[in-house]
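Under the working numbering, read the sequence shown as residues 669 to 898, first letter to last. Ideal placement from N, C-alpha and C gives every residue a C-beta, glycine not left out. Predicted model only: the values in this text are computed from it and were never measured.
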Amino acid sequence: MLAQTSPWHAHALQRTATGLAEPLTVPARMEWTTRPGRGPGADVFGPGLRGKRLLELGCGPGHNAAHLATCHGVHVTGVDLVGLQVRRARSHYGRLNNLTFVAGHALHYLQASDERFDAIYSVFGAVGLIAPELLLPAIARRLTPGGMFAFSVPHSQRGGRSPSSDDRPRRDYVTLPDRTRLPIARWEFSTDRWEKHLSQASFRLTAAQEFHDARVGHWPTTLLIRARKF
Numbered sequence: 669m670l671a672q673t674s675p676w677h678a679h680a681l682q683r684t685a686t687g688l689a690e691p692l693t694v695p696a697r698m699e700w701t702t703r704p705g706r707g708p709g710a711d712v713f714g715p716g717l718r719g720k721r722l723l724e725l726g727c728g729p730g731h732n733a734a735h736l737a738t739c740h741g742v743h744v745t746g747v748d749l750v751g752l753q754v755r756r757a758r759s760h761y762g763r764l765n766n767l768t769f770v771a772g773h774a775l776h777y778l779q780a781s782d783e784r785f786d787a788i789y790s791v792f793g794a795v796g797l798i799a800p801e802l803l804l805p806a807i808a809r810r811l812t813p814g815g816m817f818a819f820s821v822p823h824s825q826r827g828g829r830s831p832s833s834d835d836r837p838r839r840d841y842v843t844l845p846d847r848t849r850l851p852i853a854r855w856e857f858s859t860d861r862w863e864k865h866l867s868q869a870s871f872r873l874t875a876a877q878e879f880h881d882a883r884v885g886h887w888p889t890t891l892l893i894r895a896r897k898f
């Protein structure tokens, strides 16, 4: 019921209605930003990925997970709140090895699982949409010692905004394929505030990068953060 009342369900429903979910060619690179082909790819995780276990929180139609599993030989589990998205991902890439897609709430999955991962990542996924004081410790518990946590989120200064001055979420919107805008709550932090929350959850911030998309103005659009579990 939670998924079916989510704006993300409405988004996936429209996306499914406008295009068939069919097998796709595996993407040639991983994307972290709003501008495909710009910024880093799987190199964010460093060398020696083959054989490692990765978890994606908010996998959507599965493009990044498919790239990692096929081109880098890792075992990837992709979790998404919306069952329609998981069905799309399975239709696109279910034929591939080393790849599992699961429908469920990211926090509930982390709390119920006893599996350990070498890296956990989110690309405009669950991070920022779940209270960080709940999500980040749950992520840390599922990582191996020294494991990496990497995530990209909408930049808190996009469109001339200012970062949140406290730890409360702010009102944001999901734009559907038909251009309808539905409200959501999003935690939008500066790098310093993200670093504070990461430290409280037993992470050490190792890198923070911001990226621009000239198509939407001169403000940064994406913040990419990397951290390591203590």
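If you ignore the 5 residues before and after Pro888, its C-beta comes within less than 8 Å of the C-beta of His823, Gln825, Arg826, Glu878, Phe879 and His880, all in its own chain and listed in chain order. For Pro800, no beta strand (DSSP E) segment is defined; the enclosing uninterrupted segment is the alpha helix (DSSP H) at Pro800 to Arg810. In the structure shown, Asp782 falls within a coil segment according to DSSP collapsed to helix, strand and coil. A contact is defined here as three or more CB-CB pairs under 8 Å, and the stretch 734-742 fails this definition with respect to the stretch 802-809.
Taking the Cα of Gln868 as reference, the smallest distance to any Cα among Arg809, Leu725 and Ser674 is reached at Arg809.
Spanning the alpha carbons of Trp676 and Leu891 requires a straight line of approximately 21 Å. For Arg683, the secondary structure class from DSSP, reduced to helix, strand or coil, is helix. Counting along the chain, no alpha helix (DSSP H) covers Gly707, and no H or E run does either. Secondary structure note for Gln877: it is in no alpha helix (DSSP H), and the uninterrupted beta strand (DSSP E) holding it is Phe871 to His880. Judged by DSSP secondary structure, Val754 falls outside any beta strand (DSSP E) and instead within the alpha helix (DSSP H) spanning Gly751 to Tyr761. Beta-bridge annotation (DSSP): Pro851 is paired with Tyr841.
The secondary-structure analysis by DSSP pairs Thr768 across a beta bridge with Thr745.
Excluding five sequence positions before and after Gly814, the CB atoms of its chain that fall closer than 7 Å to its own CB belong to Arg896 and Lys897, given in chain order.
Rounded to the nearest whole angstrom, the C-alpha separation of Glu863 and Leu725 is 19 Å. Counting the other Cβ atoms within 10 Å of the Cβ of Pro704 gives fewer than 16, which makes it exposed. The three-state secondary structure of Leu722, taken from DSSP, is strand.
By a beta-carbon distance limit of 8 Å, Val791 does not contact Glu856. Their separation comes to about 16 Å.
In the DSSP annotation of this structure, the continuous segment of the alpha helix (DSSP H) that includes Thr738 starts and ends at His731 to Cys739.
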